[in-house]
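Protein sequences appear in the order of chains A and B.
Heads up, the first sequence is in our numbering, so the first residue is 491 and it goes up one at a time.
Heads up, the second sequence is in our numbering, so the first residue is 491 and it goes up one at a time.
From the three backbone atoms N, C-alpha and C, an ideal C-beta is built for every residue, glycine too.
Some notes on the structure that comes next.
Protein chains: 2
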Amino acid sequence: MGKVPAAEGRDGVLSRAVAILRALAAAGPDGLRLSDIAEAADLPKPTALRILRTLQGEGLVEDGPLGRTYRLGLDLFCLAARAGNPSNLRDLGRPAMLRVAAAFEDTVFLLVRSGYDAVLIDRSEGVLPVRSLTGDIGGKVPLGLGQGSTAILASLPAGEQEEVVRHNLPLIRERGGLEETALRTALLDTARKGYCDVANGLIPGSSGLAVPIRDRTGQVIAALSIGTTLERLTPERRAAMAEMLQREAAAIGDASNPFDPTLRRPGASMQRAG
Amino acid sequence: MGKVPAAEGRDGVLSRAVAILRALAAAGPDGLRLSDIAEAADLPKPTALRILRTLQGEGLVEDGPLGRTYRLGLDLFCLAARAGNPSNLRDLGRPAMLRVAAAFEDTVFLLVRSGYDAVLIDRSEGVLPVRSLTGDIGGKVPLGLGQGSTAILASLPAGEQEEVVRHNLPLIRERGGLEETALRTALLDTARKGYCDVANGLIPGSSGLAVPIRDRTGQVIAALSIGTTLERLTPERRAAMAEMLQREAAAIGDASNPFDPTLRRPGASMQRAG
DNA sequence: CGATTATTTTCACTGAATGAAAGTGGTGGT
DNA sequence: ACCACCACTTTCATTCAGTGAAAATAATCG
């Protein structure tokens, strides 16, 4: 009869179903076979099968390309397309992104913070395809890896920033980002200038520039970022980009709803508005 | 007792949870209160609450902007970002879309068929923002409304096309599309030319051009579409666009996996591989 | 074709899910 | 300040949805 509040039970069909969905998401578009799913979600096969059938009935899962495989379905895509829009950021940001992309003909990214990560929620392509660290829309990067992500980290309150840095440093190092000293310098630099242009050159020749987006209470909620190449990032363009990004970011922040609990700190996961 | 196979039960926590997710998706980014959710999903409040809590624990649902509201969470967005990629179409299509967008500086859309509808699964913006019928990524249009959607419909086998037309005509008419005669003419015209440029002028001044994407078996699976304005659609540009779209669509189709069961006909919704 | 491995069905059991009812908290009217 | 109202939350006895071992069936491979 443990009434432990944080008893993150892995039982209940619902949690199991979500585990299956996660397993399918982790797999590619070719899908997974029942056995793989059962193993990945740590479920007996009959149970996995029953859940898959139900999900399939709901359209969230569909048959994969090769016979007897399963993958995430179109309905799930449609359903979730309207998710991940905290403070209406996606809608508010779209026009700004288009303007920036049109002005510089480079790719523009919109990232929101989620715990220790930043999630890419929108993108507007420029003339040349730029590879983003997050992979595609919906992808995550640890805060501190890449310009947008670093712009967010640099704008967090000191305590929170410290916690995130401590948590993410191993990940950042592992993925070829900055060392601790360089990262801390970059954070200070970003905070001072109001934009981030550290070349944590993960993709050789690539670079970018990002600014934090703050709501009206001053809390960082997102970042607006440009991805480009080193040679296109001339001093003049850099200045113009920084100026425009800051202007657009301010406009987005002003328009966003300040009363948004999505800025939950990573540590405190159970604040009830009691 | 009842062993009715098609007993699409609305019971089972899973189905109930999905009903709740659907309700939340239908609501805007401001979220819904418990009472509204319970009503929308046709569930008693305690049940709805319990499910919401579990979903929230999984990150699929989060607190809304105003106190005591719920909305779809970021995790759902991340999860589903990798869904809706039948035949790997999204990945295969991306480079083609970028090329087309760069060539004409107009917005490019990638639509896949889903039953009686077409779903927008990707978009690459041009210089001027074009409003798409589907709203945003993840949005649906009935087949036969808009160029991309019509390109798909025109390429279906006769019987299937007929069924879809009969099913969708009321919807199309209601939403300001073509009348039956005009639609049928447009379908023939599209099939003959290999691309669709009917100006079912839903958005005045807007127009576009679309081609079907067929897999190697010849089945239509998607459409590649350009959205532009009437004055930008000069005869020369139209010809160049049609040529390029057809070339790119053919390349995508050749690269796609032909053994994909996603081309399920709208009628047969319960084909079990027994 | 037979051996192996994956999928699916069956079924007796059980605890997860249920929802009526009671309790708590917050909001607005006077 | 008070009360009346409505929304949210907790409790708990009931029961049926979910479970998974085992067996049957189907696919795969050498």
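Start and end residues, beta strand (DSSP E) containing residue i
| i | result |
| --- | --- |
| B/VAL617 | Counting along the chain, B/VAL617 falls outside any beta strand (DSSP E), and DSSP gives it neither H nor E. |
| A/LEU545 | Per DSSP, A/LEU545 belongs to no beta strand (DSSP E); it is in the alpha helix (DSSP H), 535-548. |
| A/LEU562 | 560-562 |
| A/GLU632 | Looking at the sequence shown, residue 632 of chain A is not Glu but Pro. Start and end: 630-632. |
Start and end residues, alpha helix (DSSP H) containing residue i
| i | result |
| --- | --- |
| B/VAL508 | 503-516 |
| A/ASP526 | 524-530 |
| B/GLU733 | 725-745 |
| A/PRO660 | 648-664 |
| B/LEU643 | 637-644 |
Residues sharing a beta bridge with residue i, DSSP
| i | result |
| --- | --- |
| B/VAL602 | B/VAL609, B/ALA712 |
| B/ALA700 | B/CYS686, B/SER715 |
| A/THR597 | A/GLY717 |
| B/GLU552 | B/ARG561 |
| B/GLY625 | B/SER622 |
Minimum C-alpha distance to residue i - residue among the options
| i | options | result |
| --- | --- | --- |
| B/THR624 | B/GLY616, B/ASP612, B/LEU618 | B/ASP612 |
| B/ALA745 | B/GLY557, B/GLY563, B/GLU548, B/LEU582 | B/LEU582 |
| B/GLY521 | A/GLU653, A/LEU601, A/GLY574, A/LEU661 | A/GLY574 |
| A/ARG580 | A/GLY563, A/LEU564, A/PHE599 | A/PHE599 |
| B/ALA672 | B/LEU539, B/SER696, B/ALA644 | B/ALA644 |
| A/ARG558 | A/ARG523, A/LEU542, A/GLY547 | A/ARG523 |
| B/GLY743 | B/ILE703, B/ARG561, B/GLY563, B/LEU661 | B/ILE703 |
| A/PRO689 | A/LEU562, A/THR718, A/ARG682 | The sequence given here places Ala at residue 689 of chain A; Pro does not occur at that position. Looking at the Cα atoms, A/THR718 is the closest of the given residues. |
| A/LEU661 | A/VAL631, A/TYR685, A/GLY649 | A/VAL631 |
| B/ARG572 | A/LEU566, A/MET587, A/LEU539, A/SER505 | A/LEU566 |
| B/GLU615 | B/SER604, B/GLY605, B/ILE627 | B/ILE627 |
| B/GLY685 | B/GLU669, B/ILE716, B/LEU668 | Looking at the sequence provided, one finds Tyr at residue 685 of chain B rather than Gly. Ranking the options by Cα distance to B/TYR685, first place goes to B/ILE716. |
| A/SER577 | B/PRO519, B/GLU650, B/ARG682 | B/PRO519 |
| A/GLN651 | A/ARG584, A/GLY667, A/GLY666, A/GLY634 | A/GLY634 |
| A/LYS683 | A/LEU668, A/LEU699, A/GLY695 | A/LEU699 |
| B/LEU569 | A/VAL620, A/PRO534, A/ARG584, A/ALA517 | A/ALA517 |
| A/GLN546 | B/LEU533, B/SER505, B/GLY667, B/GLY605 | B/SER505 |
Inter-residue spacing [alpha-carbon to alpha-carbon] between residue i and residue j
| i | j | result |
| --- | --- | --- |
| B/ASP501 | B/ALA515 | 20 Å |
| A/GLU721 | A/SER639 | 22 Å |
| A/ARG674 | A/LEU659 | 11 Å |
| B/ARG754 | B/LEU511 | Unreliable positioning characterises B/ARG754 in this predicted model, as indicated by a pLDDT of 38, which lies under 50. The coordinate reading is nonetheless provided below. The straight-line gap from Cα to Cα measures roughly 24 Å. |
| B/ASP607 | A/ALA739 | 36 Å |
| A/ALA496 | A/ILE642 | Interpretation of A/ALA496 is limited by its pLDDT of 34, a score under 50 that renders its predicted location unreliable; the figure taken from the coordinates is listed afterwards. Answer to the nearest angstrom: the Cα atoms are 28 Å apart. |
| A/VAL503 | B/ALA507 | 10 Å |
| A/ILE693 | A/ASP687 | 14 Å |
| A/ALA741 | A/GLU733 | 13 Å |
| B/ALA509 | A/PRO647 | 39 Å |
| A/GLU726 | A/PHE594 | 12 Å |
| A/VAL617 | B/GLN637 | 25 Å |
| A/LEU765 | B/THR724 | Outside the shown range of chain A (491 to 764) lies residue 765 of chain A, about which nothing can therefore be said. |
| A/GLU498 | B/GLU548 | The predicted position of A/GLU498 is uncertain, since its pLDDT is 45 and thus under 50; a value taken from the coordinates is nonetheless stated next. Going by the C-alpha atoms only, they are around 9 Å apart. |
| A/PRO751 | B/GLY554 | In this predicted model, A/PRO751 has a pLDDT of only 48, less than 50, meaning its place in the structure is not dependable enough to derive any value. |
| A/GLN709 | A/VAL701 | 13 Å |
| A/SER759 | A/VAL602 | Annotation note: pLDDT 34 at A/SER759 (below 50); position unreliable, no value reported. |
| A/ARG561 | B/GLY629 | 20 Å |
| A/ARG706 | B/ILE527 | 30 Å |
| A/ARG589 | B/ARG589 | 20 Å |
| A/LEU550 | A/ALA592 | 36 Å |
| A/GLN736 | A/VAL655 | 24 Å |
| B/ALA730 | B/THR680 | 17 Å |
| B/THR537 | B/SER622 | 38 Å |
| A/GLU456 | B/ARG543 | Since the first and last residues shown for chain A are 491 and 764, residue 456 of chain A lies out of range. |
| B/GLY695 | B/GLU670 | 23 Å |
| B/LEU539 | A/ASP596 | 45 Å |
| A/PRO756 | A/PRO619 | Caution applies to A/PRO756, whose pLDDT of 36 falls short of 50 and renders its modelled position unreliable; the value that the coordinates give is listed next. If you take the alpha carbons of A/PRO756 and A/PRO619, they lie about 33 Å apart. |
| A/ALA458 | A/GLY649 | With chain A covering only 491 through 764, there is no way to say anything about residue 458 of chain A. |
Exercise for review: Determine which residues of the stretch 566-581 of chain A have a Cβ less than 9 Å from any Cβ of chain B, and write them out in chain order.
Suggested key: Answer set for the stretch 566-581 of chain A: LEU566, PHE567, CYS568, LEU569, ALA570, ALA571, ARG572, ALA573, GLY574, ASN575, PRO576, SER577, ASN578, LEU579, ARG580, ASP581.
Review point. Of all the residues that make up the stretch 601-625 of chain B, which are near chain A by a beta-carbon distance shorter than 8 Å?
Key: Taking 8 Å as the upper bound on Cβ-Cβ separation, chain A lies near residues VAL602, SER604, VAL609, ILE611, SER614, GLU615, VAL617, PRO619 of the stretch 601-625 of chain B.
**Study point:** Residues within the stretch 510-542 of chain B neighbouring chain A, beta-carbon criterion of under 9 Å
**Key:** Result list: LEU511, ARG512, LEU514, ALA515, ALA516, ALA517, GLY518, PRO519, ASP520, ILE541.
Check your understanding: Using a beta-carbon distance cut-off of less than 9 Å, what residues from the stretch 695-713 of chain A approach chain B?
Key -> Shown here is that no member of the stretch 695-713 of chain A has a Cβ falling below 9 Å from a Cβ of chain B.
Practice item. Scan the stretch 631-642 of chain B for residues whose Cβ lies nearer than 8 Å to a Cβ of chain A and list them as they occur along the chain. Key: Within the stretch 631-642 of chain B, no residue qualifies.
Practice item. Taking a Cβ distance cut-off of 9 Å, strictly less, list which residues of the stretch 650-661 of chain B are near chain A, in chain order. Key: For the stretch 650-661 of chain B, which is checked against every Cβ of chain A, not one residue is closer than 9 Å.
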